[in-house]
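Colleague:
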Amino acid sequence: MSLTDATLKGKYPAKAHCQRVAKYLIDRGLPEDGVIYLEAQKNRLEEDDDQAVAFRQRRYFFYLSGCKLPDSYLTYNIRQQQLTLYIPPIDADSVIWEGLPESPEEALRNYDVDEVKYTNDVNASLAHQGSSTSTVYAIPEQVSDHITFLAFARKELTSLREAIDESRVVKDTYEVALIRKANEISTLAHLEAQRAARHATNEEQLYGAFIGTCIANGAHKQAYHSICASGSSCSTLHYVRNDQPLRDRLNILLDAGAEYDCYCADITRTFPLSGSFTRESQTIYDIVKEMQDEAFKALHAGVEWESVHELTHRVAIRGLLKAGVLVGADEDELLAKRVSVAFYPHGLGHYLGLDTHDTGGHANYNDPDPLFKYLRVRGSVPAGAVITVEPGVYFCKFIIDPVLADKDLGRYIDQKVLDRYWDVGGVRIEDDVLITETGYENLTNTPKL
Numbered sequence: 001m002s003l004t005d006a007t008l009k010g011k012y013p014a015k016a017h018c019q020r021v022a023k024y025l026i027d028r029g030l031p032e033d034g035v036i037y038l039e040a041q042k043n044r045l046e047e048d049d050d051q052a053v054a055f056r057q058r059r060y061f062f063y064l065s066g067c068k069l070p071d072s073y074l075t076y077n078i079r080q081q082q083l084t085l086y087i088p089p090i091d092a093d094s095v096i097w098e099g100l101p102e103s104p105e106e107a108l109r110n111y112d113v114d115e116v117k118y119t120n121d122v123n124a125s126l127a128h129q130g131s132s133t134s135t136v137y138a139i140p141e142q143v144s145d146h147i148t149f150l151a152f153a154r155k156e157l158t159s160l161r162e163a164i165d166e167s168r169v170v171k172d173t174y175e176v177a178l179i180r181k182a183n184e185i186s187t188l189a190h191l192e193a194q195r196a197a198r199h200a201t202n203e204e205q206l207y208g209a210f211i212g213t214c215i216a217n218g219a220h221k222q223a224y225h226s227i228c229a230s231g232s233s234c235s236t237l238h239y240v241r242n243d244q245p246l247r248d249r250l251n252i253l254l255d256a257g258a259e260y261d262c263y264c265a266d267i268t269r270t271f272p273l274s275g276s277f278t279r280e281s282q283t284i285y286d287i288v289k290e291m292q293d294e295a296f297k298a299l300h301a302g303v304e305w306e307s308v309h310e311l312t313h314r315v316a317i318r319g320l321l322k323a324g325v326l327v328g329a330d331e332d333e334l335l336a337k338r339v340s341v342a343f344y345p346h347g348l349g350h351y352l353g354l355d356t357h358d359t360g361g362h363a364n365y366n367d368p369d370p371l372f373k374y375l376r377v378r379g380s381v382p383a384g385a386v387i388t389v390e391p392g393v394y395f396c397k398f399i400i401d402p403v404l405a406d407k408d409l410g411r412y413i414d415q416k417v418l419d420r421y422w423d424v425g426g427v428r429i430e431d432d433v434l435i436t437e438t439g440y441e442n443l444t445n446t447p448k449l
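Using the working numbering, count along the sequence shown one by one with no gaps and you end on 449.
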């Protein structure tokens with residue numbers, strides 16, 4: 001048994017997460033005499049249909065419970081450090097169709113909680129835990145109408161979301177194991193999609209190969225909608241069609257990751273359909289690979305993410321100057337003019353965990369500086385954070401044509417050389433890394449070219 005699988009034999013550390021969130025609240029002057037209250041996602045039906053909407057557990061609830069059951073609740077008494085899970089009682093009609101649900105005894109064995117009750121006990125339990133001096137912490141839009149907090153002196157509805165968001169940034173050993181497992185399964189799926197590409201005639205076949213392999217290996221959900229782009233579509237950052245013929249296309253950009261027990265992998269590989277890159281495609285691939293390699297060298301606890309992002313732009317500029325796409329100025333001037341944003345418009349990476357774009361990054365999408373506008377992580381990156389490193393270079397007419405037409409910026413691009421690169425579409429390489437005190441650990445072992 002691998003170390004990852006051995007770690008995952010244990011329980012998800014819900015109580016440790018509750019303690020972390022409670023400490024965040026108390027450290028900011030909020031009362032210790034209080035109860036955290038959260039609700040799971042509810043089962044819902046499709047509009048105008050009797051089929052259930054695909055269920056996705058609320059991440060705030062899962063982080064403090066490790067429970068994927070719908071229609072559940074939790075309370076955490078901060079002072080007593082008592083975590084109680086409330087699960088739906090047996091419904092005879094549901095049993096006919098879906099079988100017996102998890103019992104309280106089974107839930108107590110499966111989850112890192114102190115007590116398991118039925119959901120029809122939740123209001124009575126809240127009344128018992130409340131007092132004339134206590135505070136209840138909740139997320140306002142995630143409290144059902146029938147829930148009452150009458151026994152509490154104060155309802156604090158503004159701080160819990162932030163407390164969980166910030167607590168989720170640093171991962172514990174169990175969380176890292178979940179992300180590692182999601183990466184292992186995703187790697188198998190990427191390799192199967194690459195094998196399928198040898199005989200595929202449509203993007204759909206690669207898309208299907210990826211998803212099928214994930215399911216066959218225990219990951220029944222995707223972390224996000226897979227991007228299976230070919231040819232010029234590789235320049236669309238979040239391409240979602242995945243249905244175009246592969247005839248006369250040069251490359252595949254496959255950005256896809258499995259979800260495993262609510263934790264995400266996010267991996268991108270770019271590869272040639274023919275088995276060999278054209279000269280132009282190889283040039284761009286080598287630039288992007290160097291961008292990622294240089295970013296890796298800069299990683300360590302406390303590194304300013306903006307500085308790593310800017311470093312990758314400098315590498316891109318040097319590579320595009322050498323290729324002859326950029327002309328007429330040195331690296332510093334081109335960076336100051338933000339010319340590279342036309343070819344590399346997105347941020348270097350984002351936090352990864354329960355969500356693909358995980359919490360705590362403090363993005364500033366109103367930043368007037370185009371170099372940093374779409375950077376999803378700002379400031380220093382702590383040890384224990386898992387972050388993607390995903391540089392790219394793209395040839396998107398919608399973005400580049402206005403730059404060519406600009407009297408000031410257009411002079412920095414050699415259009416004749418550029419014309420040789422449109423068919424490349426775009427290249428992105430993405431790995432998921434754990435930040436350590438002295439560097440990083442790459443959790444992604446998907447082969448690169």
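From the three backbone atoms N, C-alpha and C, an ideal C-beta is built for every residue, glycine too. Since this is a predicted model, take the numbers as computed values, not measurements.
Express the C-alpha separation of residue 429 and residue 18 in angstroms, rounding to a whole number.
Modeller: Distance between the alpha carbons of residue 18 and residue 429: 36 angstroms.
Colleague: For residue 219, I'd like the list of residues in its chain whose CB is within less than 7 angstroms of its CB, leaving aside the five on either flank, ordered along the chain.
Modeller: Hits under 7 angstroms: 182, 185, 258, 259, 260.
Colleague: Check whether the Cβ atoms of residue 14 and residue 113 lie closer than 8 angstroms to each other.
Modeller: Against a cut-off of 8 angstroms, the Cβ pair of residue 113 and residue 14 comes out as a contact.
Colleague: Report yes or no: do the region 431-442 and the region 274-282 share at least 3 C-beta pairs separated by less than 8 angstroms?
Modeller: The region 431-442 is not in contact with the region 274-282.
Colleague: Can you give the Cα-Cα distance for residue 7 and residue 221, rounded to whole angstroms?
Modeller: The alpha-carbon atoms of residue 7 and residue 221 are separated by roughly 21 angstroms.
Colleague: Count the other CB atoms, across all protein chains shown, that sit within 10 Å of the CB of residue 405; report buried if there are 16 or more and exposed otherwise.
Modeller: Exposed, because fewer than 16 other Cβ atoms sit within 10 Å of the Cβ of residue 405.
Colleague: For a minimum of 4 consecutive residues, which ranges assigned as the alpha helix (DSSP H) are wholly contained in the region 105-182?
Modeller: Those alpha helix (DSSP H) runs which fall completely within the region 105-182 and span 4+ residues are 122-129, 160-167.
Colleague: Can you list, in chain order, the residues of its chain whose CB lies under 7 angstroms from that of residue 325, leaving out five sequence neighbours each side?
Modeller: Answer for residue 325: 413, 414, 417, 418, 421, listed in chain order.
Colleague: Rounded C-beta distance between residue 60 and residue 89? I'm assuming under 8 angstroms.
Modeller: So it is not a contact: roughly 23 angstroms between Cβ atoms.
Colleague: Measure the alpha-carbon distance for residue 167 versus residue 92 and round it to whole angstroms.
Modeller: Approximately 39 angstroms between the Cα atoms of the pair.
Colleague: So, helix, strand or coil for residue 249, using DSSP?
Modeller: In this structure, residue 249 counts as coil in the three-state DSSP scheme.
Colleague: Could you pull the start and end residues of the beta strand (DSSP E) that residue 327 belongs to?
Modeller: Per DSSP, residue 327 belongs to no beta strand (DSSP E) and is neither H nor E.
Colleague: List the endpoints of the continuous alpha helix (DSSP H) containing residue 428.
Modeller: Taken as a continuous stretch (DSSP letters only), residue 428 belongs to no alpha helix (DSSP H), being part of the beta strand (DSSP E) at 426-428.
Colleague: Can you find at least 3 beta carbon pairs, one from the region 242-254 and one from the region 287-296, that sit closer than 8 angstroms?
Modeller: Verdict: no, contact absent.
Colleague: So for residue 234, helix, strand or coil by DSSP?
Modeller: Here residue 234 sits in helix by DSSP.
Colleague: Please name the residue, chosen from 80, 230, 377, 21, that lies closest to residue 201 on a Cα-to-Cα basis.
Modeller: Comparing Cα-Cα distances from residue 201 to each of 80, 230, 377, 21, the minimum goes to 230.
Colleague: Is it buried or exposed, residue 238, if we count other Cβ atoms within 10 angstroms and call 16 or more buried?
Modeller: Exposed is the call here.
Colleague: With respect to the beta strand (DSSP E) encompassing residue 269, which residues constitute its N-terminal and C-terminal limits?
Modeller: First-last of the beta strand (DSSP E) with residue 269: 267-272.
Colleague: Work out the CA separation of residue 40 and residue 154 for me, nearest whole Å.
Modeller: Cα-Cα distance, rounded: 23 angstroms.
Colleague: Name the residue from 196, 345, 198, 21 whose alpha carbon lies nearest to the alpha carbon of residue 312.
Modeller: With distances taken between Cα atoms, residue 312 lies closest to 345.
Colleague: For residue 424, which residues of its own chain have a beta-carbon under 8 angstroms away from its beta-carbon, when the five flanking residues on both sides are left out?
Modeller: Cβ within range, chain order: 234, 250, 251, 278, 280, 281, 284, 395.
Colleague: Does residue 289 come out as helix, strand or coil in the three-state DSSP assignment?
Modeller: Here residue 289 sits in helix by DSSP.
Colleague: Buried or exposed: where does residue 134 fall if 16 or more other Cβ atoms within 10 Å of its Cβ makes it buried?
Modeller: The residue is buried, with at least 16 neighbouring Cβ atoms inside 10 Å.
Colleague: Taking residue 369 as the reference, which of 335, 383, 98 has the closest Cα?
Modeller: Among 335, 383, 98, the Cα nearest to that of residue 369 is on 335.
Colleague: Using the beta-carbon count (16 or more within 10 Å), is residue 44 buried or exposed?
Modeller: Exposed: under 16 other Cβ atoms inside 10 Å.
Colleague: Just to confirm my understanding: we take residue 217, look at its own chain, exclude 5 residues before and 5 after, and list those with CB closer than 7 angstroms. What are they?
Modeller: Around residue 217: 185, 188.
Colleague: Look at residue 295 and residue 382 and say whether their C-beta atoms are less than 8 angstroms apart.
Modeller: Not a contact, by the Cβ cut-off of 8 angstroms.
Colleague: Cutting at 7 angstroms between CB atoms, please list the residues of its own chain near residue 63, excluding the five before and the five after it.
Modeller: Once the five neighbours on either side are set aside, the close Cβ partners of residue 63 are 17, 164, 168, 354.
Colleague: Below 7 angstroms CB to CB, which residues in the same chain sit around residue 362 once its five sequence neighbours on both sides are set aside?
Modeller: These residues qualify, in order along the chain: 378, 379.
Colleague: Looking at residue 139 and the ligand FMN, is the gap between the Cβ and the nearest heavy atom below 7 angstroms?
Modeller: Of ligands this structure carries none, so the ligand FMN is not represented either.
Colleague: Going by DSSP in three states, residue 240 sits in which element: helix, strand or coil?
Modeller: Coil, per DSSP.
Colleague: Just to confirm before moving on: does the CB-CB distance between residue 254 and residue 440 stay below 8 angstroms?
Modeller: No; because the gap between Cβ atoms is not below 8 angstroms, this pair is not in contact.
Colleague: From residue 125 to residue 160, what does the alpha carbon distance come to, in whole angstroms?
Modeller: Residue 125 and residue 160: Cα-Cα distance of roughly 20 angstroms.
Colleague: Over what stretch of residues does the alpha helix (DSSP H) that includes residue 389 continue unbroken?
Modeller: Looking at the DSSP string, residue 389 is not in any alpha helix (DSSP H); the run it does join, the beta strand (DSSP E), is 386-389.
Colleague: Among 9, 347, 193, 331, which residue has its Cα nearest to the Cα of residue 256?
Modeller: Checking every option, the nearest Cα to that of residue 256 belongs to 193.
Colleague: Could you spell out where the beta strand (DSSP E) holding residue 209 opens and where it closes?
Modeller: Segment 203-216 is the alpha helix (DSSP H) holding residue 209; no beta strand (DSSP E) there.
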